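Notes to accompany the following structure.
There are 4 protein chains.
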Amino acid sequence: MPGNSIGTVFKLTTFGESHGVAIGGVIDGCPAGLKIDTEKVQNDLNRRRPGQSAIVTQRKEPDTVEFLSGIFEGLSTGTPIGFIIKNANQKSKDYSHIKYTFRPSHADYTYSEKYGVRDYRGGGRSSARETACRVVAGSVAKQLLQDISITAYVSGVGKLELTKPYHDLDFSEIEKNPVRCPDPSLAADMESYIKKIRSEGDTVGGIVDCVIKNVPIGLGEPVFDKLHAELGKAMLSINAVKGFEYGSGFKGTTMKGSEHNDQFNQDGSTKTNLSGGIQGGISNGMDIYFRVAFKPVATLMQKQTTLNQQGEMVEMQGKGRHDPCVVPRAVPIVESMAALVLADYYLLNKISKI
Amino acid sequence: MPGNSIGTVFKLTTFGESHGVAIGGVIDGCPAGLKIDTEKVQNDLNRRRPGQSAIVTQRKEPDTVEFLSGIFEGLSTGTPIGFIIKNANQKSKDYSHIKYTFRPSHADYTYSEKYGVRDYRGGGRSSARETACRVVAGSVAKQLLQDISITAYVSGVGKLELTKPYHDLDFSEIEKNPVRCPDPSLAADMESYIKKIRSEGDTVGGIVDCVIKNVPIGLGEPVFDKLHAELGKAMLSINAVKGFEYGSGFKGTTMKGSEHNDQFNQDGSTKTNLSGGIQGGISNGMDIYFRVAFKPVATLMQKQTTLNQQGEMVEMQGKGRHDPCVVPRAVPIVESMAALVLADYYLLNKISKI
Amino acid sequence: MPGNSIGTVFKLTTFGESHGVAIGGVIDGCPAGLKIDTEKVQNDLNRRRPGQSAIVTQRKEPDTVEFLSGIFEGLSTGTPIGFIIKNANQKSKDYSHIKYTFRPSHADYTYSEKYGVRDYRGGGRSSARETACRVVAGSVAKQLLQDISITAYVSGVGKLELTKPYHDLDFSEIEKNPVRCPDPSLAADMESYIKKIRSEGDTVGGIVDCVIKNVPIGLGEPVFDKLHAELGKAMLSINAVKGFEYGSGFKGTTMKGSEHNDQFNQDGSTKTNLSGGIQGGISNGMDIYFRVAFKPVATLMQKQTTLNQQGEMVEMQGKGRHDPCVVPRAVPIVESMAALVLADYYLLNKISKI
Amino acid sequence: MPGNSIGTVFKLTTFGESHGVAIGGVIDGCPAGLKIDTEKVQNDLNRRRPGQSAIVTQRKEPDTVEFLSGIFEGLSTGTPIGFIIKNANQKSKDYSHIKYTFRPSHADYTYSEKYGVRDYRGGGRSSARETACRVVAGSVAKQLLQDISITAYVSGVGKLELTKPYHDLDFSEIEKNPVRCPDPSLAADMESYIKKIRSEGDTVGGIVDCVIKNVPIGLGEPVFDKLHAELGKAMLSINAVKGFEYGSGFKGTTMKGSEHNDQFNQDGSTKTNLSGGIQGGISNGMDIYFRVAFKPVATLMQKQTTLNQQGEMVEMQGKGRHDPCVVPRAVPIVESMAALVLADYYLLNKISKI
């Protein structure tokens with residue numbers, strides 16, 4: 000399984016199971032001399048942390064990142080940045096209800112079949128807990144990217160959808176509500192809806208949008224590693240993601256070329272931006288924006304009939320504390336994955352011409 | 000620009016500009032002993048070829064693949080399979096209208112800015128002509144995958160959308176009409192619509208769906224290289240693609256977990272398949288299905304005002320013969336990219352357990 | 000600096016500075032279902048540990064490996080195996096003599112120039128302490144390789160050289176003396192010589208030989224990744240290594256083809272083995288053997304005149320406890336690097352034909 | 000077999016069998032805007048060409064490189080540079096003597112065993128003909144490296160050895176004699192010796208030295224990808240190479256640290272250069288020098304008893320025209336491999352600090 004790394008020259012490798020000793024990662028290729036503010040990293044991690052509000056899982060995980068290498072006297076040294084996050088919940092839990100049981104629409108069955116052996120505790124490696132490591136690395140990547148701003152927010156919870164275009168939104172509202180939706184009124188509706196869903200022992204899906212500003216022209220590597228292709232892969236690699244679109248996306252398929260083409264201004268910018276800031280896989284300096292679809296969390300606090308390892312149909316019920324809707328905590332993860340992709344291309348672009 | 004390869008152990012590298020001497024590629028990692036039917040490869044290439052019907056570009060390109068290495072007496076030898084496709088159109092063309100001009104919503108501007116130099120002839124490297132090489136390699140990959148069937152088809156042209164689920168469609172209809180839509184009546188409407196669009200000098204977007212059957216359980220490499228993440232990247236790397244969704248996709252975001260979860264049958268299959276055949280990034284043996292969004296082609300046969308390299312606004316009009324709608328010819332490309340991804344994971348899966 | 004990984008499908012990434020919090024690594028791609036004996040890993044680590052005998056550095060480092068992930072109930076799970084080794088010596092040391100001073104023939108100067116910043120404590124990342132992580136991973140790789148035996152030993156210390164061919168040696172003698180030379184009488188001479196060198200505050204170079212038996216036919220990937228090329232790279236990546244030769248090596252250059260060719264036996268084995276078990280970059284089933292040249296350790300307990308960061312010539316003297324000769328402790332490192340290379344090719348070979 | 004590429008950001012992939020249609024390669028990652036002199040490339044290729052003198056193989060191969068992409072109006076465009084060299088000898092030859100026979104100390108047997116199928120014509124992929132593609136790419140790499148000079152020469156043929164250090168040699172003599180040894184008198188002896196060996200139907204080994212001047216400080220990526228480790232791998236990947244040493248090499252193992260350490264001058268250069276221009280895997284600005292050991296060519300014009308595919312011992316005799324000593328033609332190959340490694344690190348070094 001060599002699939003635990005992302006990036007070419009700014010590369011993250013993660014390890015760790017949900018309820019093992021620790022999760023962690025290695026950032027290889029961070030240029031030397033970068034001032035790394037580890038508090039900012041912890042802050043981003045706190046935005047992803049369980050228990051941060053009433054509408055997310057109430058699990059207790061302090062999620063404190065410990066840097067082990069690669070930073071000396073506040074600066075990156077050019078050597079790999081190793082880090083771990085200890086697991087608070089690693090012991091003494093009762094997993095008997097999932098030990099031999101495959102939860103519906105979970106990775107339990109596929110991991111068992113693929114590997115023949117499985118760490119069943121809390122989903123093991125397939126748990127979204129792994130994304131905490133992505134946030135650590137993404138937060139370092141953000142610091143490398145400096146002027147480039149990456150802002151994600153919730154634009155959909157179930158059927159409640161934010162329809163305003165991003166430039167009509169006030170991004171300073173995002174972190175003011177637990178849903179992380181920049182429209183306060185809609186955010187309140189979403190919050191109520193998530194609470195209702197949770198009270199039913201159910202879950203619901205949602206959408207995260209992301210906008211990237213101040214992108215230099217030239218990021219992206221044709222032809223297979225187009226900027227949006229790598230962004231898409233990075234987003235689709237987040238747990239529960241079912242779709243990705245950028246710029247005009249699926250709606251763009253219904254348009255004519257005469258409507259869809261972005262006309263140039265004399266300075267190289269474009270009058271419209273249906274392209275989503277990327278042409279031919281390379282950033283054109285306009286805002287990059289994309290949308291990420293998250294399915295409803297599969298673990299329900301309801302009874303479900305399911306299969307066990309003995310091939311029997313059994314009843315099971317979710318235990319513990321799970322997210323009724325994953326998108327509020329997914330916001331910093333989406334930002335982090337975007338930052339990782341951009342950091343890689345930012346460095347590669349420095350060597351694209353002599 | 001190290002972005003011209005895809006795959007880890009079954010790896011394709013492509014090269015070539017639209018109007019250079021030739022385009023080509025190298026398939027590295029094809030296992031030895033595979034009987035390679037080069038006629039099948041040429042047939043797939045013909046499905047992508049210009050001039051195949053009245054609704055695609057009328058350019059003349061025979062697109063004949065020449066294999067240079069790696070196949071001996073009909074069998075792959077385990078050494079790299081090199082191939083080229085000579086360009087018929089490489090000479091004596093008039094590019095004066097695009098030489099110093101950036102076509103709107105094209106890669107002209109971003110290539111110029113990124114590289115400082117650009118082969119302007121027919122779009123150079125950014126031309127979709129490069130995808131012919133993907134079809135060659137994808138066709139070889141299909142032969143490696145044997146029982147796995149990969150079928151793509153057009154499900155949308157502009158606002159004309161195929162709404163039937165794939166299991167209600169007759170796939171044998173696909174190649175019977177030039178649109179490659181399995182619903183004959185809708186296909187006829189789409190064909191008329193594309194002709195109308197072309198007569199206006201305009202273009203239109205569309206959607207390609209893909210269904211993969213007989214997938215073994217276990218394909219995919221968590222966590223960054225999830226099967227659907229790599230499929231998504233592969234699709235997004237095709238020219239003009241703006242979005243990708245698999246399984247329930249964006250619609251799944253509006254559902255509750257209790258509706259969305261796929262309940263197990265006793266044999267490990269599931270009663271529904273909103274997961275789209277993949278759980279936790281690993282195939283579960285159910286059909287994989289996904290949708291790919293294509294924007295309208297940017298080259299119009301209408302006048303457009305645009306920017307030139309001197310920073311002046313100029314009028315330009317598309318010349319030559321272009322596709323009014325890209326999706327009919329995109330069908331074999333989507334299949335090929337899927338095959339390339341699956342071939343890589345098919346091999347990797349053989350070494351996932353001892 | 001993306002140079003902290005080795006391997007394609009069995010991949011090790013290491014991190015950590017000599018006197019940071021911890022060093023560690025991630026093994027990605029270990030197949031699931033491998034019984035991992037962590038005591039064996041610790042035993043290999045003990046063979047590399049400082050303070051193990053009178054002729055190595057007397058530094059105190061317990062070098063206890065802690066596995067953080069990827070092993071569950073004694074078996075590899077197919078997920079990345081993360082591990083750390085805490086640094087005992089990380090605090091309160093006096094580095095003032097090297098903080099701004101470049102030790103001759105050390106990496107101090109080149110790291111400073113390349114990165115502009117440097118963790119000067121104990122050599123930071125350039126310290127051979129990093130190789131402890133290689134031993135951990137190599138020991139896991141050995142367990143994957145099962146019947147393949149990898150045996151390294153000291154064949155040279157300064158001008159004292161073991162001239163007997165490996166098949167005339169008794170490998171059971173290797174671990175019976177602190178030099179790890181299989182010839183007991185020569186080992187005693189080497190031991191005395193190293194003690195004399197140390198008493199002079201000096202150091203001396205040496206040679207480590209390695210023999211690999213029971214190698215399956217077919218390991219190695221032509222053309223750039225030939226088995227011996229990757230073995231050579233792996234050995235040359237060990238601190239202080241200046242040369243690598245396999246089979247007939249440099250001596251083979253003086254021979255005629257009629258002397259050098261290995262004649263076949265009827266079972267495919269060869270009468271001689273000047274090829275060193277590899278032909279065309281692929282193992283042929285005969286023993287693989289190679290030699291690795293180590294220069295004398297650069298840190299002396301003598302006064303040296305050297306350069307500091309201010310561009311001044313200054314006097315310095317090594318402090319602390321250093322190895323007078325590196326080869327006894329290099330033996331498990333050489334074995335580990337060989338195991339890592341073989342494990343990668345062992346897995347790749349499973350997918351070389353259909 | 001994913002082993003046909005070398006490099007990370009300046010990457011070469013080669014393909015092609017000795018007697019197939021063509022051999023070729025793809026250079027991916029050459030920065031845009033490089034003026035590429037294709038005549039220089041052909042000149043380097045001519046230095047490797049068969050038939051260039053009386054002491055090399057008299058095969059007729061024009062070895063004309065054809066560039067297919069990536070160069071436009073004399074400049075690299077940042078897109079992959081594809082090229083082919085057609086094989087002159089591809090047809091109508093009699094291979095019956097080797098079709099089912101394994102030549103001693105050749106790759107015939109290992110390829111057969113590994114892949115189960117083999118292109119036996121002229122050695123197929125295992126032929127040194129593949130190195131022509133390395134020379135093409137290496138020659139492009141040299142042009143990227145500009146001021147860095149890479150000079151290889153023959154320092155040993157059989158027991159005839161050049162013992163003078165490289166700074167006492169006149170490099171302008173190298174190309175004046177067919178052996179490519181910078182000492183004219185020794186070159187004459189070597190030439191006579193090679194002729195004698197050839198008249199006996201025998202072959203002989205040799206050594207190629209390489210010196211790299213004007214190297215910027217900072218090339219190399221610790222810890223696994225040390226500059227000398229990658230150089231070593233690149234050299235060991237050349238056909239017939241059995242060993243590699245740099246700086247003091249194997250002789251350095253007999254020295255004391257007090258003799259071996261290179262003392263600094265005040266400008267950062269060193270008084271001696273036993274380090275060979277590399278410390279801790281990173282170039283220090285001093286000359287890099289290394290030696291490469293080549294075994295005698297395995298194909299003899301004498302009768303040999305060997306094994307065939309049916310497991311029978313048979314007599315065989317080499318046919319055709321082979322090199323009695325490979326080192327004269329290996330000189331440009333060694334230079335090219337060095338250039339490829341340096342080009343990769345040259346680009347990577349641009350992103351090692353912010």
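Residue numbers (numbering that gives the first Met the number 0), protein chains in the order written: chain A, 0 to 353; chain B, 0 to 353; chain C, 0 to 353; chain D, 0 to 353. Yeah, the Cβ is synthetic: ideal placement off N, Cα and C, and Gly gets one too. Because the structure is a prediction, the values reported are computed rather than measured.
- With respect to the C-alpha of L185/B, the residue from K85/B, S104/B, L159/B having the closest C-alpha is L159/B.
- Within 7 angstroms of the CB of S17/D, no CB atom of chain B is found; the nearest one sits about 10 angstroms away.
- Under the 9 angstroms criterion on CB atoms, S335/D is classed as non-interfacial with respect to chain B.
- For K141/B, the three-state secondary structure derived from DSSP is helix.
- Residues of the segment 202 to 219 of chain A with a C-beta atom less than 7 angstroms from some C-beta of chain B are T202, V203, G204, G205, I206, I216, G217, listed in chain order.
- Going by beta carbons, K212/D and I147/D fall inside the 9 angstroms limit.
- By the rule that beta-carbons nearer than 9 angstroms mark a contact, L339/C does not touch chain B.
- Listed along chain A is no residue with a C-beta nearer than 7 angstroms to that of T100/B; the closest approach is about 10 angstroms.
- Closest option to V313/D, judged by alpha-carbon separation, among D343/D, V325/D, K98/D: K98/D.
- DSSP places C209/A in the strand class (E or B) of the three-state scheme.
- With distances taken between CA atoms, V153/D lies nearest to E174/D out of E174/D, A136/D, K225/D, G50/D.
- Scanning its chain for C-beta atoms nearer than 6 angstroms, with the 5 sequence neighbours on each side dropped, one finds around K241/C the residues A292, K294, in chain order.
- Here T37/D really is in contact with F66/D; their C-beta atoms are around 6 angstroms apart, less than 8 angstroms.
- Distance between D208/D and I237/D, taken at the CA atoms: about 14 angstroms.
- Below 8 angstroms, too few C-beta pairs join the segment 303 to 311 of chain C and the segment 217 to 227 of chain C to call them touching: fewer than three.
- The residues K59, E60, P61, in chain order, have a CB closer than 7 angstroms to that of A87/C in the same chain once the five nearest residues on each side in sequence are set aside.
- Going by C-alpha positions, P1/C is about 19 angstroms away from A233/A.
- In this structure, V156/D sits near G204/D, with a CB-CB distance shorter than 9 angstroms.
- Contact check for R133/D and M336/D: beta-carbon distance about 6 angstroms, within the 8 angstroms limit, so the pair qualifies.
- Cβ contact annotation for N264/C (same chain, cutoff 7 angstroms, sequence separation greater than five): K270, in chain order.
- The beta-bridge partner set that DSSP reports for V340/D is empty.
- Per DSSP, E174/A is not a residue of any beta strand (DSSP E), being assigned neither H nor E.
- Taking a contact as a CB-CB distance under 8 angstroms, the pair G6/A and L339/A counts as one, their CB atoms being some 6 angstroms apart.
- For A31/A, the chain D residues whose Cβ falls inside 9 angstroms of its Cβ are S351, K352, I353, in order along the chain.
- Here the alpha carbon of V8/C sits roughly 16 angstroms from the alpha carbon of S4/D.
- A Cβ-Cβ distance of about 5 angstroms is found for the pair A151/A and V330/A, placing them in contact under the 8 angstroms criterion.
- Around the beta-carbon of S268/D, fewer than 16 other beta-carbon atoms lie within 10 Å, marking it exposed.
- Contact check for G24/A against F82/A passes: the beta carbons are separated by less than 9 angstroms.
- Chain-ordered, the chain B residues with CB closer than 7 angstroms to the CB of G77/C read S351, K352.
- Annotated three-state conformation of I97/D is helix, per DSSP.
- Flagged as an interface residue toward chain B: L143/C, by a C-beta distance shorter than 9 angstroms.
- Boundaries around Y108/B are those of the alpha helix (DSSP H), 107 to 114, since no beta strand (DSSP E) includes it.
- Neighbourhood of V20/A in chain B, by CB distance below 9 angstroms: empty, with the nearest CB roughly 18 angstroms away.
- Just so you know, the alpha carbons of N307/D and Q316/D end up roughly 13 angstroms apart.
- Taken through DSSP and simplified to helix, strand or coil, R290/C comes out as strand.
- Contact between the segment 185 to 199 of chain A and the segment 271 to 279 of chain A is absent, with fewer than three C-beta pairs closer than 8 angstroms.
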